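Protein chains in written order, with my numbering: chain A, 1 to 297; chain B, 1001 to 1343; chain C, 2001 to 2534.
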Amino acid sequence: MSRSSLYEEEFFPSPLRQTWMEFKRSHWAFAGLWILIFFVFVIIVGPFLAPYQPLEQSPDNLLLPPAWSDSGDIRYIFGTDSAGRDILSRVIYGSRLTFGISFLVVILSVSVGVIIGAYAGISKGLRSSIVNHLLDSVMAIPTLLIAIIIVGILGTGLINSIWAIALAMLPQVIHTCRDFVRQESEKAYVTAAKLDGAGSIHIFVKSIFPNMVEIIVVQSTFALSTAILDISALGFLSLAAQAPSPELGAMLSDGLDIVYISPWSIALPGLTILLAIISVNLVGDGLRTALRRRLQH
Amino acid sequence: MLNYTIRRLNLLFFTLLVLSVVSFSLAFLFPGDSLTNLSGVKSPTPIQLASLQESYKVDSNYFWQYIAYLRLLLDGDWGISFTSQQPLLDDLSTTLPATVELSTYAFTLAILIGVPCGIIAGLKHHKIFDFSILSASLLGYSVPVFWLALILIQLFSLQLSLLPLSGRISLYFDVPIQSGFIIYDIFQAENIDKTAALRDVFFHLILPTLSIAIMTGTIIIRIVRRSVLNVLEQDYIKAAYGRGQTNAQVFWKHGLRNSLLPVLPLIVTQFTTLLTNAMIVEVIFSWPGIGNWLIQAIYQRDYPAIRGGMLMVSSLVIMFTISLDILIRVIDPTKGRKIRVAV
Amino acid sequence: MNQRALFLLSFILLSSCSDIKHNELSKKGVIYCSEGDPATFNPQLDTSGTTADATSHQLYSRLIEFDPNTSKIAPGLASSWLVSRDGLTYTFQLRRNVAFHSTSYFTPTRSFNADDVIFSINRWRLDNHPYNKVSGGNYPYFVSLGLNEVVEDVSRINGYRVEIKLTRPDSSFLANLATDFSVILSEEYATQLLAQGTPSLIDTKPVGTGPYKFVDYRKDSFIRYQKHENYWQLGDIPEQLIYDITTTDSLRLAKLISGECDATSYISNSEIGAIEQRPNLVLNERPGLNIGFWAFNTQKEPFNDAKVRRALALAIDKNTLIEAIYLGSADRAHGLLPETSWAFEALQNDTNFNPALARQLLDEAGIPPGFSMDIWAMPVQRAYNPNATKMAEIIQSYLQDIQIDANIVTREWSTFREELKNGEHDSVLIGWSADNGDPDNFYRPLLSCQAIKSGTNRARWCSRRYDDLIQEALLISDIELRKTYYHLANAVLAEEMPLVPIAHAYRYQAHSDRLHGLKINPFGGIRFGDVEKR
């Protein structure tokens, strides 16, 4: 009936599959993944969910408290800000903006970083060594500090901060990739490919890169949580997104002026950032643990 | 060892050189006249202009201009700020100590929280305590510091009116700035009630210190816990158990040193992250430190100040990490550079 | 564990909080959260409220003071005075044994006398005075009112008696001597500085006879004053007065709530609720001597036509503006003067909301639908207009109803004032805060021909008839008679409508309940001279 019992079948899941199975074993990481998926969902369909436009002002409903409070209004579930804008809608659009930009920054930074890192890992010689060392020392500077400095140089603004953060995260990515490529280059399967006469690009693309995917994913999740923190921190300092923008950090700094009157104006944006970073960190932690376990087996 | 030290110092020298080149070229990349951006003198008199042109060697090519700039930097003439019209080095020498002071206290606090909690969590692996510490630390290192600071202010300053929310010391105390380190300055000051002043400084420190220490503290918990777990899996620990020693004996005799020593450099590396957080929190608490100063400079488009602040902060961080690298080698020569990659 | 540490810490704090809040030290000092840096420490040189708040009543005294309670003039350094029958000669009897500040940089050898009065007035009055050109040499208050031409001579009769001769009678003269700007400086200190070759120190390291003396100032950070032990009006004032310069509005309120400041002003309307909630804070409210208005540049087409100006005035609903912008904490302006002024006239030249009539008037004046104009909105928040940009947006929508397209223009504050002075605007939303209780302080700086040049006449409107009327009014000392002149001037304004008066805003000031005696000074700078702390 069932063919599975016909032979003493040895089932070898692929490495990726193994990692995934390990990942699923951690409930925390799995919960984090669900929250992350929820955020991605909000990012995609946000405009359909938000009851109002993020900049739509309602002069008759200034500084409303959340709906469950006595003077709240059910039309504005989380209340309104000093210009009568719906906080919930702003947070939805803000998540879109903050996370959307963070994803963008990570993709930008990781794709450039992998290429440079791979090149640095493969090539040898004095030039690459000097650059490598320089990168190493730059890597010691926290990304946010580099980003602040770059924004200081480029001037404030959202676009400039995207460049700044992407650039600031680059050394980290390059470093990881380079070290990984170097380690792998010494392994037997690469040597085998070399003996077969494959060129270095061919080796990288066909042999090393497939093994690198996991480490890139792990690196990317950490980069993502850093990016969310950095972009909102810059927004909070009014160095990235500026005041009327619903970017979550900018919303927080906007709420600063009215925090004495309406503490809830900083509660929701802050909690959203917190939740997003927690979910990304959970997934990242889970992935890393899973990867470690797989390699131990 | 000596070889390694020399290589690191070489790298330090080279990096600082690159930073100075970058800061020099900023003067040309920023809008406006490069001489103005370098010197910070906005509308010089003809005599001033002539002397500035002379000292910055504007008539020579870029290379000699750079050499002149480097010489001025080393002489301590970093130019003046557009907004305050004070020499940059003076501004930096009052703001930098404030930041270093705040970061040092916060870092101490973070270690005091992080190391014991990490050890306990590691020892009670998979028990309730470990679990709660782990979830608390997850919260701690995910929370944006600026939001945490706002929540603390909201709670302790505005709702409970317990703690001050701005500055380092109440203005009632007339403490002249000498070193920039407020506690030292208090001891140097005359005509003030020193006990009251110190207590006031303490109250001003609580909120900013807490808001940055929590994040670093939780990271330290994770590092220490991981390391304790690693050590407990080692054969020599198992051997010790085999000799019938109790948990506590095993750990204090064999585990503690072996689990803390390797991660010590990793912990110290967290200082730079903490410093960055301190710079942001300064803005919220009106702390007169370098972060506050640099961000004001960015708002005001104060180019000389941005240039000087960037050079100062990045040089310090680089010097800090490279000396740390050397220190790692001294403590544990088997460890390579890879130590920094892990977290 | 973190939570536990937090909990532990807060427990420690709770147990010691009574100490920090009421320690001996804070009893000896008052901290005032001010909104900005003073431009100078000599209010003669600057008319901004920030400078006056920081210096005028703390460091200095005047010959005559306004009593903040009764709004009448009262003796200051002059114990009494006589005005001659023709209104041209004023004789002041000066107080004896009034000590100047003794500071680290100056030790007075004599007390206040006639020489100090002569020096202080001559500094702004005489072009060739050795101190006239020091620190920029601009005396905006005195020059905008033409006081340097009104005063003919200041002479010493004896050490404690001074005579001031005027070129023409001026019934607002005493009121002008009582303003924040007419401070008395030390002639002895000035002479000493001149001998040292550092005359400009007189405005940065000040010496006066006020309740507090200067100790230290750091830009963007603080001003530190110390009690003047020999102050001529004895009061139990605290040892220290400190200005904590806090430019962020919300931070000032936060510091007040957390107890880091004892008092602050420039409170925005939305913050009032937060202050009222706190039992330990006191909110002072007072109708302000100010006016927020919409002025048309009468030197530009088509705003030189009174009909157009009237039409635009009819197009806006002032009551809505007052509700939306001032959140109700303002009186509707019927004319230039607020109700508290003695020359106030109800419904002087008010306009009612009537867009149909407005469109009709525009048609008569030949303004086609779709005409486009600029509304300049000042970028800063002032008591008389807490949010000019928002007001401009509302006016914009009103103008849309009568088929006029309005563009809102705003610039950085100093550029804004510069370009206004050059007359680059079509219309502007701005206002005025009076420096003294005299009606002349509204009529002259806002709309006289002379004020075009000094930059306070935003309408750039010049009418002989109006100028003559307000000039005549000054020659008369009888209040009832003077009133009729101002009413005549109102009639001219009603006809010409160079500006649309919108609102007289209330002024707010908040302080901790431990301060006693702090009131809103309706005529300008804050006064700490009789504030006690318990």
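The C-beta atom is built at its ideal place from N, Cα and C for all residues, glycine as well. All of these numbers come straight from a predicted model, not from anything done at the bench.
1. Using C-beta distances below 6 Å, list every residue in its chain close to alanine 164 of chain A, excluding the 5 sequence neighbours before and after it, in chain order.
2. Using DSSP with H/G/I as helix, E/B as strand and the rest coil, what is glutamine 1048 of chain B?
3. Check whether chain B comes within 8 Å of aspartate 2244 of chain C, counting only Cβ atoms and requiring the distance to be less than that.
4. Quick check on DSSP: helix, strand or coil for phenylalanine 2100 of chain C?
5. What is the DSSP secondary structure of arginine 2458 of chain C, counted as helix, strand or coil?
6. Based on Cα-Cα distance, which residue from C:His2057, C:Val2083, C:Leu2201 lies nearest to serine 2135 of chain C?
7. Can you name the residues of chain B whose CB is closer than 9 Å to the CB of leucine 2251 of chain C?
8. Within 8 Å (strictly less), CB to CB, does leucine 1171 of chain B reach chain C?
9. With 16 as the cutoff for other CB atoms within 10 Å, does tyrosine 2384 of chain C come out buried or exposed?
10. So does the stretch 2367–2379 of chain C actually touch the stretch 2397–2410 of chain C, counting three or more Cβ pairs closer than 8 Å?
11. What residues from chain A crowd round serine 1060 of chain B, counting only those whose CB sits closer than 9 Å?
12. Name, please, each residue of chain A whose Cβ falls closer than 8 Å to the Cβ of isoleucine 2267 of chain C.
13. Between which two residues does the beta strand (DSSP E) holding leucine 2429 of chain C run?
14. Starting from the Cα of phenylalanine 2296 of chain C, find the closest Cα among C:Glu2532, C:Ala2078, C:Ser2414, C:Pro2501 and give me that residue.
15. Have a look at the DSSP bridge pairing and note the partners of serine 2182 of chain C.
16. What in chain C is Cβ-close to serine 1084 of chain B, meaning under 9 Å?
17. Would you please verify whether the beta carbon of aspartate 1174 of chain B is less than 8 Å from any beta carbon of chain C?
18. Which chain A residues are close to threonine 1216 of chain B, counting only those with a beta carbon under 7 Å from its beta carbon?
19. Could you say which of B:Arg1222, B:Glu1054, B:Gln1234 lies nearest to leucine 1134 of chain B if we only look at CA atoms?
20. May I have the straight-line CA-CA distance separating asparagine 2097 of chain C from arginine 2482 of chain C, to the nearest angstrom?
21. Could you tell me the distance, in whole angstroms, from the CA atom of leucine 2013 of chain C to the CA atom of proline 1164 of chain B?
22. Give the secondary structure of histidine 2022 of chain C by DSSP, where H, G and I count as helix, E and B as strand, and everything else as coil.
23. In the structure shown, what three-state DSSP assignment does valine 2030 of chain C receive?
24. DSSP three-state call for isoleucine 1295 of chain B: helix, strand or coil?
25. Can you list, in chain order, the stretches of the alpha helix (DSSP H) that have 4 or more residues and sit fully within the stretch 1222–1274 of chain B?
26. How would you call glutamine 1159 of chain B, buried or exposed, if buried means at least 16 neighbouring beta carbons within 10 angstroms?
27. Going along chain A in order, which residues have a C-beta closer than 8 Å to the C-beta of glutamate 2271 of chain C?
28. Suppose only complete runs of 3+ residues qualify. What are the beta strand (DSSP E) ranges in the stretch 2229–2263 of chain C, listed by chain order?
29. If we ignore side chains and look at the alpha-carbon of each, how far apart do glutamine 2381 of chain C and alanine 2388 of chain C end up?
30. Can you check whether the CB of alanine 166 of chain A is closer than 8 Å to the CB of leucine 108 of chain A?
31. Cα separation between glutamate 1267 of chain B and tyrosine 2231 of chain C?
32. Quick one: what does DSSP say lysine 1338 of chain B is sitting in, helix, strand or coil?
33. I'd like to know if the stretch 2217–2226 of chain C and the stretch 2080–2097 of chain C are in contact, where contact means that at least 3 CB-CB pairs between them fall below 8 Å.
34. Could you list the residues in the stretch 1139–1153 of chain B with a C-beta less than 9 Å from some C-beta on chain A, going in chain order?
35. How close, in whole Å, do the beta carbons of valine 2143 of chain C and tyrosine 2060 of chain C come, if the pair is a contact with beta carbons under 8 Å?
36. Counting along the chain, where does the alpha helix (DSSP H) carrying aspartate 2438 of chain C start and finish?
Considering the structure as presented:
1. Position 164 of the first sequence, counting from 1, holds the residue named residue 164 of chain A. Here the set comprises Ala147, Ile150, Val151.
2. Counted from its first residue, the second sequence places residue 1048 of chain B at position 48. If DSSP states are grouped into helix, strand and coil, glutamine 1048 of chain B belongs with the helices.
3. Residue mapping note: residue 2244 of chain C aligns to position 244 of the third sequence, counting from 1. It does; some Cβ of chain B falls within 8 Å.
4. Taking the third sequence and counting its residues from 1, the one referred to as residue 2100 of chain C is at position 100. Of the three classes helix, strand and coil, the one that applies to phenylalanine 2100 of chain C here is coil, per DSSP.
5. For the purposes of this step, residue 2458 of chain C is identified with residue 458 of the third sequence, where counting begins at 1. Coil at arginine 2458 of chain C, not helix or strand.
6. By 1-based counting over the third sequence, the position of residue 2135 of chain C is 135. Here the closest residue by C-alpha is C:Leu2201.
7. The residue labelled residue 2251 of chain C in the question sits at position 251 within the third sequence. Simply Leu1165, Ser1166, Ser1286.
8. Translated into positions along the second sequence, residue 1171 of chain B becomes position 171. Yes, because at least one Cβ of chain C sits closer than 8 Å to the Cβ of leucine 1171 of chain B.
9. Residue mapping note: residue 2384 of chain C aligns to position 384 of the third sequence, counting from 1. By the 10 Å Cβ count, tyrosine 2384 of chain C comes out buried.
10. yes
11. Walking along the second sequence from the start, residue 1060 of chain B turns up at place 60. Under the 9 Å cutoff, chain A gives no residues; its nearest Cβ is about 25 Å from serine 1060 of chain B.
12. Here the question's residue 2267 of chain C lines up with position 267 in the third sequence. Chain A residues near isoleucine 2267 of chain C: none, gap ~11 Å exceeds 8 Å.
13. For the purposes of this step, residue 2429 of chain C is identified with residue 429 of the third sequence, where counting begins at 1. Counting along the chain, the beta strand (DSSP E) containing leucine 2429 of chain C begins and ends at 2427–2433.
14. Working through the third sequence from its first residue, we reach residue 2296 of chain C at position 296. Selected option, being the one with the closest Cα: C:Pro2501.
15. Counting from 1 along the third sequence, the entry for residue 2182 of chain C is found at position 182. In the DSSP output, where bridge partners are listed per residue, serine 2182 of chain C has none listed.
16. As a working mapping, residue 1084 of chain B is identified with position 84 in the second sequence. In chain order: Lys2219, Asp2220.
17. By 1-based counting over the second sequence, the position of residue 1174 of chain B is 174. Taking Cβ atoms only, chain C reaches closer than 8 Å to aspartate 1174 of chain B, which makes this a yes.
18. Numbered from its first residue, the second sequence carries residue 1216 of chain B at position 216. By Cβ distance, chain A contributes nothing, its closest Cβ being about 11 Å from threonine 1216 of chain B, past 7 Å.
19. Position 134 of the second sequence holds residue 1134 of chain B. The residue with the shortest Cα to Cα distance from leucine 1134 of chain B is B:Arg1222.
20. On the third sequence, residue 2097 of chain C is found 97 positions in, with the first residue counted as 1. On the third sequence, residue 2482 of chain C is found 482 positions in, with the first residue counted as 1. Taking the straight line from one Cα to the other gives about 38 Å.
21. Reading the third sequence from its first residue, position 13 is the one you call residue 2013 of chain C. Reading the second sequence from its first residue, position 164 is the one you call residue 1164 of chain B. Confidence at leucine 2013 of chain C is low in this model, with a pLDDT of 49, below 50, so its placement is unreliable and no value can be given for it.
22. Start at 1 with the first residue of the third sequence, and residue 2022 of chain C comes out as number 22. Here histidine 2022 of chain C scores only 48 on pLDDT, less than 50, and its place in the model should not be relied on; the value that follows carries that caveat. Three-state DSSP puts histidine 2022 of chain C in coil, outside helix and strand.
23. One-based indexing of the third sequence puts residue 2030 of chain C at position 30. Correct three-state label for valine 2030 of chain C: strand.
24. By one-based count along the second sequence, residue 1295 of chain B stands at place 295. Helix.
25. 1235–1242, 1247–1250
26. Reading the second sequence from its first residue, position 159 is the one you call residue 1159 of chain B. Exposed: under 16 other Cβ atoms inside 10 Å.
27. Looking up residue 2271 of chain C in the third sequence gives position 271. Correct list: Tyr260, Ile261.
28. 2240–2245
29. Position 381 of the third sequence, counted from the first residue, corresponds to residue 2381 of chain C. Position 388 of the third sequence, counted from the first residue, corresponds to residue 2388 of chain C. When rounded, the distance between both Cα atoms is 7 Å.
30. Here residue 108 of chain A refers to the residue found at position 108 when the first sequence is read from its first residue. Here residue 166 of chain A refers to the residue found at position 166 when the first sequence is read from its first residue. Yes.
31. The sequence position of residue 1267 of chain B within the second sequence is 267, counting from 1. The sequence position of residue 2231 of chain C within the third sequence is 231, counting from 1. The question names glutamate, but residue 1267 of chain B in the sequence shown is isoleucine. Straight-line Cα distance between these residues: approximately 59 Å.
32. Walking along the second sequence from the start, residue 1338 of chain B turns up at place 338. Bear in mind that a pLDDT of 45 at lysine 1338 of chain B, under 50, signals an unreliable position, so the model cannot answer this.
33. no
34. Leu1139, Tyr1141, Ser1142, Val1143, Pro1144, Val1145, Phe1146, Trp1147, Leu1148, Leu1150, Ile1151, Ile1153
35. Against the third sequence, residue 2143 of chain C aligns to sequence position 143. Against the third sequence, residue 2060 of chain C aligns to sequence position 60. That belief does not hold up - the Cβ atoms of valine 2143 of chain C and tyrosine 2060 of chain C are roughly 20 Å apart, past 8 Å.
36. Working through the third sequence from its first residue, we reach residue 2438 of chain C at position 438. Aspartate 2438 of chain C -> no alpha helix (DSSP H), and no H or E assigned at all.
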